[in-house]
Amino acid sequence: MKSIKVLSFIFIAFALVAITACSSSKITEPSKTSELTVAPLATEKAEPANKEKEVVVGFTLQNLSNPFFVAMSKGATAGAMLHGADVITVSADGDLAKQTAQIKDFIARKVNVILLNAVDSKGIADAVSQARAAGIPVIAVDVGADGGVNTVVTSDNYLAGKLAGEYIVKRLNGKGNVVVIDGPPVSAVTDRISGFEEAIRATPEIRVVAKKNGYGNREKSTSMMETILQTFKKGEIDAVFATNDPSGVGAKIAAEQAGRDKEMFIVGIDGAPDAVKALKEKKSFVATSAQYPFEMIKLAMDEGFKVLKGEKIESLINIPVDLITPDNVETYKGW
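According to mature numbering (1 follows the signal peptide of the UniProt record, and there is no 0), the residues represented by the sequence shown are -20 to -1, 1 to 315, in order.
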């Protein structure tokens, strides 16, 4: 009986050694999935994203002082989580040189996808070209970008401007003086201006008496509107079209401080929380063409992962906008 027990012990010992040897061979074998997945150029076959591989998305956006871009950054985090990826979000603070450096840093880090909210649609072209040459897909979001981006995911900015313009024409009964607050040199702004101009083209008695750049910033737009109010006397401005809500709210503040808010009304674009608050006041800020930044960036993230999987995507994806006024603001969900 003792000999049987000894033999059994020896057999178990050999079995444990064999199992340990097998386990050691798996641990020491070099991992083939530790490298980042880098998508090749559009002319090559894209490598499918692998759940076992670390996928990193680099996202550079105009700034984080505007609630629109804050909502977008939150959407990027949510979108990355849905894809099991990491996202590096950085703010360019409205500086083209800084954004260019950020893209170059993404290239050096070998991120898998770059999401770009350009400070300057044309000025960023060289950085975009460098990223594509490195085999990294670039998805432009909110505004277009030169240099060969894979796609542009944006609101229908032309429609946003057109809806705002049509509302102004209707409210003025086809006659009046309008101040236009322009913005940064990006495609979204130029498209909004184009849509607005199309809306007022058929009504020659709607005149644009001033067009100034508010840089998409509330404080700068407030200061700029103060200067305009000094230039034009009471009764010489009937409406203000702002290419984004911070600029529109800035114009509202200036008009109120000058005691002239009752002689004009203001229309913006974004559907921002401050605009919603202003609409509910039912004073001079009367409408905004609302867009959806959270959903926009998540869709852009989806498009980036389609490229990694080798799928074809459209060169432009327009997201519908809605005109929000005091009449429907209570049902607007906002950001």
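Ideal Cβ placement from N, Cα and C applies to all residues, glycine included. Note that the structure is a prediction, hence the values are computed from the model and not measured.
Distance between Thr80 and Ile119, taken at the CA atoms: about 15 Å. Secondary structure at Ser203: helix, using DSSP grouped into helix, strand and coil. Val67 is bridged by DSSP to Val37. Look at the segment 228 to 271 and you find these whole runs of alpha helix (DSSP H), each 4 residues long or longer: 253 to 261.
Excluding five sequence positions before and after Ile104, the CB atoms of its chain that fall closer than 8 Å to its own CB belong to Leu76, Gln79, Thr80, Ile83, Leu96, Ala98, Ala125, Asp126 and Gly127, given in chain order. The continuous beta strand (DSSP E) containing Asn193 extends over residues Ile186 to Asn193. Tyr138 and Asp171 do touch by the CB rule: their CB atoms are close to 5 Å apart, below 8 Å. Per the DSSP secondary-structure output, Val118 pairs in a beta bridge with Ile94. In this structure, the alpha-carbon of Lys289 lies about 11 Å from that of Asp282. The C-beta of Arg112 has 16 or more other C-beta atoms within 10 Å across all chains shown, which makes the residue buried.
Around the beta carbon of Gly251, 16 or more other beta carbons sit within 10 angstroms, so the residue counts as buried. Annotated three-state conformation of Thr170 is helix, per DSSP. The DSSP-derived three-state label of Leu44 is coil. The C-alpha of Phe274 lies about 15 Å from the C-alpha of Val123. Val149: member of the alpha helix (DSSP H) spanning Asn137 to Arg151, first to last residue. Distances from the CA of Lys262 to each of Lys242, Met276 and Ile277 were compared; the closest alpha carbon is that of Lys242. In this structure, Val158 and Arg187 form a Cβ contact; the two beta carbons are roughly 7 Å apart against a cut-off of 8 Å.
In the displayed model, Val158 falls within a strand according to three-state DSSP.
Within the same chain, Cβ atoms closer than 7 Å to the Cβ of Gly156 are found at Ile186, Asp218 and Ala219, the five residues on either side in sequence being excluded.
A distance below 6 Å between beta-carbons, with the five flanking residues on each side excluded, links Ala88 to no residue of its chain. Using a Cβ distance threshold of 9 Å, Tyr147 and Val247 count as a contacting pair. Within the same chain, Val188, Lys191 and Phe221 come within 6 Å of Val160 by CB-CB distance, once the 5 residues on both sides are set aside.
By the CB criterion at 9 Å, Thr202 and Gly230 fall inside the cutoff.
Under DSSP, Asp75 takes part in no beta bridge, so it has no partner. Exclusion of the five residues before and after Val93 leaves Val37, Pro117 and Gly284 as the residues of its chain whose Cβ lies within less than 6 Å of its Cβ. When the five nearest sequence neighbours on each side are left out, the beta carbons in the same chain lying within less than 8 Å of the beta carbon of Tyr312 are those of Gly251, Val256, Ala270, Asp302 and Ile304, in order along the chain. In the DSSP annotation of this structure, the continuous segment of the alpha helix (DSSP H) that includes Asp106 starts and ends at Ala105 to Ala113. Annotation: Gln42 to Pro300 spans about 22 Å, alpha carbon to alpha carbon. Here Ala219 carries a strand assignment [DSSP, helix/strand/coil].
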